Amino acid sequence: MKQHNPEGVAAPISAYSHGIEVPPGARWLTVSGQVGIDSGGALAPDAAGQSEVIWQNISRILATAGMGIGDIVKMTAYLVDPADLAAYGAVRTRYLGDHRPASSLVYVSGLVKPEMKLEVEVQAARAD
Numbered sequence: 003m004k005q006h007n008p009e010g011v012a013a014p015i016s017a018y019s020h021g022i023e024v025p026p027g028a029r030w031l032t033v034s035g036q037v038g039i040d041s042g043g044a045l046a047p048d049a050a051g052q053s054e055v056i057w058q059n060i061s062r063i064l065a066t067a068g069m070g071i072g073d074i075v076k077m078t079a080y081l082v083d084p085a086d087l088a089a090y091g092a093v094r095t096r097y098l099g100d101h102r103p104a105s106s107l108v109y110v111s112g113l114v115k116p117e118m119k120l121e122v123e124v125q126a127a128r129a130d
């Protein structure tokens, strides 16, 4: 995947790229919004715990398609409370490492259940 962070556009303010180019013929995977519910059905109590579960789940879903974190080309995060940004960002950065997909982050008034603090959806592509 090719990153596009051109001169004349402010540098990304976090761990993302302004644009990602996917080569022709790549396989695409769209991952539904993931929330912090683990495989046993338990919801982590805080944003850090929910973020950890979310990224574990995303990693597992990508793996079923023969993909990994490095194949994410676009991600969107929905956070209920701006105070949770640092906790989410720390987990996200750990999982992404040096990878910089295109990204959006939106603050919302709520998610499907009031105790849910965030939700993340991704799109991945892999040129085989």
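According to this note's numbering, the residues represented by the sequence shown are 3 to 130, in order.
Note that beta-carbon positions come from the ideal geometry of N, C-alpha and C, so glycine has one too.
If you're wondering where the values come from, they're calculated on a predicted model, not measured in any experiment.
- Here the region 98-105 makes no contact with the region 59-67; the two share fewer than three CB pairs at distances below 8 Å.
- DSSP places Ala44 outside both helix and strand once states are collapsed to three, so it counts as coil.
- Secondary structure of Glu121 (DSSP, three-state): strand.
- The beta carbon of Ala28 sits closer than 7 Å to those of Ala127, Arg128 and Ala129, all from its chain and outside the five residues before and after it, given in chain order.
- DSSP places Ser105 in the strand class (E or B) of the three-state scheme.
- When C-alpha distances from Glu121 are compared across Met69, Gly38, Asp100 and Lys76, the shortest belongs to Gly38.
- Boundaries of the beta strand (DSSP E) around Val33: Arg29 to Gln36.
- Here Val11 is exposed. Its C-beta has fewer than 16 other C-beta atoms within 10 Å.
- In this structure the region 43-51 lies against the region 88-99, because at least three pairs of beta carbons, one per stretch, are closer than 8 Å.
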